[in-house]
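Respectively, the protein sequence lines represent chains X and C. Per the working numbering, the first sequence starts with residue 2, numbered consecutively. Per the working numbering, the second sequence starts with residue 3, numbered consecutively.
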Amino acid sequence: AQKITQTQPGMFVQEKEAVTLDCTYDTSDQSYGLFWYKQPSSGEMIFLIYQGSYDEQNATEGRYSLNFQKARKSANLVISASQLGDSAMYFCAMRFGSARQLTFGSGTQLTVLP
Amino acid sequence: GAGVSQSPRYKVAKRGQDVALRCDPISGHVSLFWYQQALGQGPEFLTYFQNEAQLDKSGLPSDRFFAERPEGSVSTLKIQRTQQEDSAVYLCASSPRRITGYSPLHFGNGTRLTVT
Numbered sequence: 002a003q004k005i006t007q008t009q010p011g012m013f014v015q016e017k018e019a020v021t022l023d024c025t026y027d028t029s030d031q032s033y034g035l036f037w038y039k040q041p042s043s044g045e046m047i048f049l050i051y052q053g054s055y056d057e058q059n060a061t062e063g064r065y066s067l068n069f070q071k072a073r074k075s076a077n078l079v080i081s082a083s084q085l086g087d088s089a090m091y092f093c094a095m096r097f098g099s100a101r102q103l104t105f106g107s108g109t110q111l112t113v114l115p
Numbered sequence: 003g004a005g006v007s008q009s010p011r012y013k014v015a016k017r018g019q020d021v022a023l024r025c026d027p028i029s030g031h032v033s034l035f036w037y038q039q040a041l042g043q044g045p046e047f048l049t050y051f052q053n054e055a056q057l058d059k060s061g062l063p064s065d066r067f068f069a070e071r072p073e074g075s076v077s078t079l080k081i082q083r084t085q086q087e088d089s090a091v092y093l094c095a096s097s098p099r100r101i102t103g104y105s106p107l108h109f110g111n112g113t114r115l116t117v118t
């Protein structure tokens, strides 16, 4: 079965510190794509970062980086130097094999404290 | 440029009423998706269009749900005889090309449907 697990319903981090949001997955596909999205209270899903299953280097986009450990089937999002505007719901999502749709995890609510 | 636009932003329907939710994707985007997001959950896939063709409707929860995209641009999600369990946020997303491994989706703000 193809499944995505985000075990942290809520996380708190102090402003300017780094935080790691966990994501593990289960699939027998060799080819897949990993995405992270941010959903502020306004409701819009904002694309943050992508990692392909065959990419050897961990993806980075500004303050976002992806800690991809293929053997452990984990793709954790690291946010460095947290800002108050980072407070939002964060979703791990995957495109499995030849599927066109993204499958989403249940999300982690991140709160950045001043 | 303009992003994905959804209307109405909020919709309240009495149980049993029909509703129609509209999605205006980013101009020229080929691929269009509908997702249903229950409160506190991740989005769940409903259906996918490539241009005007509905290539996958495996996520539609019942035959009360119907989606169309007749000219390959604007899409409408219709729910007939609404029930309380249909209460959710309905998200539309588009992508500029046919879907490949790396094809991030661009989402709208969603329509929050409340069935009373």
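Cβ atoms here follow ideal geometry from the backbone N, Cα and C, with glycine treated the same way. Keep in mind that this is a model prediction, so the values were computed, not measured.
(message) Relative to the C-alpha of glutamine 82 of chain C, which candidate in C/Ser89, C/Glu46, C/Tyr92 and C/Arg66 has its C-alpha closest?
(response) C/Arg66
(request) Give the residues from the stretch 36-54 of chain X that approach chain C closer than 7 Å (Cβ to any Cβ), ordered along the chain. (result) Phe36, Ser43, Gly44, Glu45, Met46, Phe48, Tyr51 and Gly53
(request) Establish whether the CB of tyrosine 104 of chain C and some CB of chain X are separated by less than 8 Å. (result) yes
(message) Between asparagine 53 of chain C and chain X, is any beta-carbon pair separated by less than 8 Å?
(response) no
(message) Are the CB atoms of leucine 78 of chain X and cysteine 24 of chain X within a distance shorter than 8 Å?
(response) yes
(request) Name the two residues that bound the continuous beta strand (DSSP E) containing isoleucine 47 of chain X. (result) 47-53
(message) Quick check: the Cα distance between cysteine 93 of chain X and glycine 106 of chain X, rounded to an integer number of angstroms?
(response) 5 Å
(request) Step through the CB atoms of chain X and report whether any lies within less than 8 Å of the CB of valine 117 of chain C. (result) no
(request) Return the Cβ separation of tyrosine 26 of chain X and arginine 96 of chain X in integer angstroms, given the expectation that the two are a contact with Cβ distance under 8 Å. (result) That belief does not hold up - the Cβ atoms of tyrosine 26 of chain X and arginine 96 of chain X are roughly 11 Å apart, past 8 Å.
(request) Report yes or no: is there a C-beta of chain X within less than 8 Å of the C-beta of threonine 28 of chain C? (result) Correcting the residue type first, residue 28 of chain C is isoleucine in the shown sequence and not threonine. Not an interface residue.
(request) Identify which residue in X/Gln31, X/Leu49 and X/Ile47 has its Cα closest to the Cα of tyrosine 55 of chain X. (result) X/Gln31
(request) Pair every Cβ in the stretch 60-79 of chain C with every Cβ in the stretch 29-39 of chain C, then say whether three or more of these pairs are closer than 8 Å. (result) yes
(request) List the whole-angstrom C-beta distance separating threonine 113 of chain C from lysine 13 of chain C, where the pair is believed to meet the contact cut-off of C-beta under 8 Å. (result) 6 Å
(message) Distance cutoff 8 Å, beta carbons only. Does aspartate 88 of chain C sit that close to anything in chain X?
(response) no
(request) Tell me, please, whether the CB atom of arginine 101 of chain X is closer than 8 Å to any CB atom in chain C? (result) yes
(request) Check whether the stretch 38-46 of chain C touches the stretch 89-99 of chain C, counting contact only when three or more Cβ pairs, one atom from each stretch, lie closer than 8 Å. (result) yes
(request) May I ask you to report which of helix, strand or coil DSSP gives aspartate 27 of chain X? (result) strand
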